[in-house]
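> The opening position of the sequence shown corresponds to residue 279 in the working numbering, with each subsequent residue numbered one higher. For each residue, glycine too, the CB sits at the ideal point set by N, CA and C. From a predicted model like this one, the values you see are computed outputs, not experimental measurements.
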Amino acid sequence: MNAREIRQMFPILDQEVNGNPLVYLDSAATSQKPVPVIEAIDKYYREYNSNVHRGVHTLGTRATDGYEGAREKVRKFINAKSTEEVIFTRGTTTSINTVAASYGRANLSEGDEIVISYMEHHSNIIPWQQVAKQTGATLKYLPLQEDGTISLEDVRTTVTADTKIVSIMQVSNVLGVMNPIKEIAKIAHENGAIMVVDGAQSAPHMKIDVQDLDCDFLAFSGHKMCGPTGIGVLYGKKMHLEKMEPVEFGGEMIDFVGLYESTWKELPWKFEGGTPIIAGAIGLGAAIDFLEQIGLDEIEAYEHKLAAYAMEKMSTIDGMTIYGPKEASKRAGLVTFNIDDVHPHDVATVLDAEGIAVRAGHHCAQPLMKWLKVSATARASFYLYNTEEDIDKLVSGLVKTKEYFSDVF
Ligand code: 7TS
């Protein structure tokens with residue numbers, strides 16, 4: 279399938295916005311959904327909507343098969359050893375909070391360190407701030423190189439024998455940098471710490487092998503990888519998950535309930551209290567089938583090409599500042615930028631009038647904005663359905679924005 283054929287599988291892209299064909303460049307916030315995903319969810323609600331793991335009736339069995347079948351698809355997608363290591367959550371945020379609240383509270387105390395980096399998303403900062411306050415542990419930040427990359431030398435000096443948890447994003451939602459997770463995990467382990475990976479921006483765009491990375495936990499969201507909102511994944515090594523306490527209690531996650539004491543189901547269900555996100559998991563399973571049919575390596579290579587094209591074209595615009603590494607080979611498919619003194623919200627507003635959707639703001643990364651010495655930026659992010667033509671339209675939209683604001687001031 280070429281990009282044009284892929285694009286046709288996303289019905290939402292075939293529309294006009296403000297009188298112009300939609301150019302959707304905000305996939306890092308959430309991706310669009312292809313027909314097979316929409317159909318899988320539709321089919322579930324039309325044909326076999328039912329609760330899972332309880333009834334013996336036919337619809338209940340079909341729903342359970344759909345839900346647990348999706349878990350197996352996720353297992354294969356990330357190469358986890360077993361489905362016991364795959365927990366369905368609401369998304370990356372919930373997944374990281376679960377690790378912080380359960381593993382963090384049980385394993386941290388005064389004098390221990392948690393290491394994160396300046397480029398993290400708020401979802402990979404605040405849960406650690408909270409658990410640090412609760413346990414007396416110290417939160418430490420890995421510095422960044424001038425181009426926004428992480429150096430392994432800095433990892434070696436920041437991670438110490440007191441470090442218990444290292445939690446880093448695999449791909450930055452602002453700088454587009456791809457962090458050397460496997461090498462960082464090795465350093466974490468040499469110091470007796472565990473490695474948590476925020477895979478929100480990597481799982482949609484590249485092949486992930488948790489056994490090869492040797493990470494202890496991996497968090498990601500379905501909605502950024504062609505799946506529906508409200509579903510995400512927490513992968514964890516069985517040896518950790520087995521020892522961890524659930525963070526939500528109630529139906530579904532219990533084995534035996536007494537008046538004053540209860541016991542939990544085995545993995546992974548002890549972490550899935552309440553009626554689970556059945557349609558979401560089924561939709562995520564369909565998204566994984568879709569991505570695998572195209573090929574994660576192909577998607578990654580295509581996005582690199584788009585990023586290189588965008589960097590080349592955008593840098594020709596006078597007054598353009600692009601954040602992150604200059605070499606396209608070091609970055610994933612997104613470009614974060616500012617033009618002259620035009621506020622990024624104004625950039626996004628002018629582009630919207632042209633039918634072009636980009637994100638403006640701090641991108642839930644305020645510490646990184648501080649490091650970049652800006653309050654906000656604009657960001658164009660690409661996915662498998664974008665084309666060079668979309669980027670050409672972005673560039674002419676940006677030229678227009680510049681002209682518009684030079685007339686105003
Ligand atoms: N981690 C990273 C690296 C992210 O990019 C995001 C969402 C999250 C965690 C949180 O994911 P959630 O699904 O739990 O919300 N990032 C963005 C973004 O860049 N623009 O909107 C959301």
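For residue 252, name the three-state secondary structure that DSSP assigns.
Outside the displayed range of the chain (279 to 687) lies residue 252, so it cannot be described from this structure.
> For the alpha helix (DSSP H) holding residue 462, just list the boundary residues, first then last.
459 to 468 is the span of the alpha helix (DSSP H), which, as asked, contains residue 462.
> If you compare alpha carbons, which of 360, 415 and 341 is closest to residue 350?
Checked all of 360, 415 and 341; the closest Cα to residue 350 is 360.
> To which residues does DSSP link residue 486 through a beta bridge?
Its beta-bridge partners do not exist; DSSP assigns none.
> Bridge partners for residue 615 per DSSP, in chain order?
Residue 615 is bridged to 600 and 656.
> With distances taken from CA atoms, which of 614, 670, 547 and 310 is nearest residue 345?
Among 614, 670, 547 and 310, the Cα nearest to that of residue 345 belongs to 547.
> Express the C-alpha separation of residue 302 and residue 657 in angstroms, rounding to a whole number.
Cα to Cα, residue 657 sits roughly 12 Å from residue 302.
> Examine the Cβ distances between the segment 432 to 444 and the segment 382 to 396 and report whether three or more of them are shorter than 8 Å.
Touching, yes.
> Three-state secondary structure (DSSP) at residue 425?
Residue state, collapsed to three classes: coil.
> Relative to the C-alpha of residue 668, which residue among 286, 287 and 300 is closest?
Among 286, 287 and 300, the Cα nearest to that of residue 668 is on 300.
> For residue 680, count the other beta carbons within 10 Å of its own beta carbon; 16 or more makes it buried, fewer makes it exposed. Which is it?
Under this definition residue 680 is a buried residue.
> How about residue 357 and residue 341: are their beta carbons less than 9 Å apart?
Their beta carbons are not under 9 Å apart, which means residue 357 does not touch residue 341 by this criterion.
> Between the segment 464 to 479 and the segment 624 to 644, do at least 3 Cβ pairs fall closer than 8 Å?
Counting Cβ pairs under 8 Å, fewer than three are found: no touch.
> Touch check for the segment 526 to 533 and the segment 498 to 508: three-plus C-beta pairs under 8 Å?
Contact fails: fewer than three Cβ-Cβ distances are below 8 Å.
> For the ligand 7TS, which residues count as neighbours when the test is a C-beta closer than 5 Å to any heavy atom?
In chain order, the hits are 306, 307, 369, 370, 371, 399, 401, 447, 451, 476, 478, 479, 499 and 641.
> Using 9 Å as the threshold, is the C-beta distance between residue 370 and residue 499 below it?
Yes, the pair counts as a contact, with Cβ atoms nearer than the cut-off.
> Report all residues from its chain with a CB closer than 8 Å to the CB of residue 603; omit the five preceding and five following residues, and keep chain order.
Closer than 8 Å at Cβ, skipping near neighbours: 425, 426, 427, 453, 454, 455 and 609.
> For residue 482, does the count of other Cβ atoms within 10 angstroms reach 16, so buried, or fall short, so exposed?
Under this definition residue 482 is a buried residue.
> Drop a sphere of 10 angstroms on the beta-carbon of residue 335, count the other beta-carbons inside from all chains shown, and report buried for 16 or more, exposed for fewer.
Residue 335 should be labelled exposed.
> Give me the Cβ distance between residue 495 and residue 512, rounded to the nearest whole Å; I'm assuming they're in contact under 8 Å.
Right, their Cβ atoms sit about 7 Å apart.
> Pick helix, strand or coil for residue 527, following the three-state DSSP scheme.
Reduced to three states, the DSSP call for residue 527 is coil.
> Go through its chain and collect everything with a Cβ distance to residue 530's Cβ below 8 Å, but skip five positions before and after it.
Closer than 8 Å at Cβ, skipping near neighbours: 331, 543, 547, 550, 551, 552, 553 and 554.
> In chain order, what residues of the same chain have a beta carbon less than 7 Å from the beta carbon of residue 459, not counting five sequence neighbours either side?
So the qualifying residues of the chain are 446, 448, 475, 491 and 493.
> Smallest Cα separation from residue 400: which of 283, 670, 671 and 646?
When each option's Cα is compared against that of residue 400, the closest is 646.
> If you measure from the CB of residue 494, is any heavy atom of the ligand ATP nearer than 8 Å?
By its list of ligands, the structure shown excludes the ligand ATP, since it contains just the ligand 7TS.
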